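Novice: The opening residue of the sequence shown carries number 41 in my numbering; numbering runs sequentially from there.
Here you go, one structure.
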Amino acid sequence: MMMQTTEPASHIPPGFRTVTPYFIVDEPERLVAFAKTVFGAEELQDQRALGPDGKLLHTAFRIGDSVLETGRASDPWKPLKIGIHLFVHDVDAAYALALKAGGKSLHEVKDMDYGERSGAVQDPFGNQWYIATYMKSQGRGPA
């Protein structure tokens with residue numbers, strides 16, 4: 041059993057957490073651009089790695105208090121679709137931006153009975169982004 045601690049772990053890079061989602065896509069620069077446009081992501085320049093051809097091989101980006109990573113697909117690392125549950129201040133605005141940035145609607149934004157207002161989109165790479173705003177007045181968690 042793992043113990044929880046509030047002390048920074050020496051085996052985890054500064055700013056990262058124990059679990060970090062990793063996207064493997066054909067064009068990581070486009071994924072980062074999507075995340076910047078829709079979620080206000082900030083690329084972590086010190087995590088950027090280019091290949092001999094000058095193409096982006098790997099980078100990390102921050103959305104809110106979370107870091108996500110992405111890398112260019114190659115042998116043996118084939119493109120991999122993942123799903124992300126992301127909390128934002130304004131789900132309606134983020135959902136609209138995602139559609140404008142090339143995302144495809146999986147379900148429109150609506151109030152859910154478990155205490156979120158949420159919608160879902162698929163980005164141009166097939167990843168699914170479940171975008172939500174927590175509503176304290178209902179559903180899970182403390183009121």
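All C-beta atoms, glycine included, are put in the ideal place defined by N, C-alpha and C.
Quick caveat, the model's predicted, so the values are computed rather than measured.
What residues in its chain sit with their C-beta under 6 Å from that of D163, if we drop five residues either side in the sequence?
Specialist: Excluding positions up to five away in sequence, the list reads F74 and G143.
Novice: Quick one: what does DSSP say F101 is sitting in, helix, strand or coil?
Specialist: Residue state, collapsed to three classes: strand.
Novice: Hey, out of Q87, G123, S106 and G104, whose CA is closest to L97's CA?
Specialist: Comparing Cα positions, the closest option is Q87.
Novice: Count the other CB atoms within 10 Å of the CB of S158; is the residue buried (16 or more) or exposed (fewer)?
Specialist: The residue in question, S158, is buried, as its Cβ has 16 or more Cβ neighbours within 10 Å.
Novice: When you compare only the Cα positions, how much space is there between V65 and E109?
Specialist: About 11 Å.
Novice: Do you know offhand how far F56's Cα is from A138's?
Specialist: Using only the alpha carbons, I get a separation of about 25 Å.
Novice: With DSSP as the reference, label Y154 as helix, strand or coil.
Specialist: Reduced to three states, the DSSP call for Y154 is coil.
Novice: In this structure, how does DSSP classify F56 when only helix, strand and coil are distinguished?
Specialist: F56: coil per DSSP, three-state reduction.
Novice: I'd like the span of the beta strand (DSSP E) that includes V128, first residue to last.
Specialist: No beta strand (DSSP E) holds V128; DSSP gives it neither H nor E.
Novice: I think A172 touches F127, with their Cβ atoms under 8 Å apart; what is that distance to the nearest whole Å?
Specialist: About 6 Å separates the two Cβ atoms, so the contact holds.
Novice: Where do the N-terminal and C-terminal ends of the alpha helix (DSSP H) with A75 fall, by residue?
Specialist: Looking at the DSSP string, the run of the alpha helix (DSSP H) that includes A75 is P68 to F79.
Novice: How many Å lie between K76 and P53 at the Cα?
Specialist: In a straight line, the C-alpha of K76 is about 22 Å away from that of P53.
Novice: With a CB to CB cut of under 8 Å and the five nearest residues on each side skipped, what residues in its chain are close to A89?
Specialist: These residues qualify, in order along the chain: L96, L97, H98 and T99.
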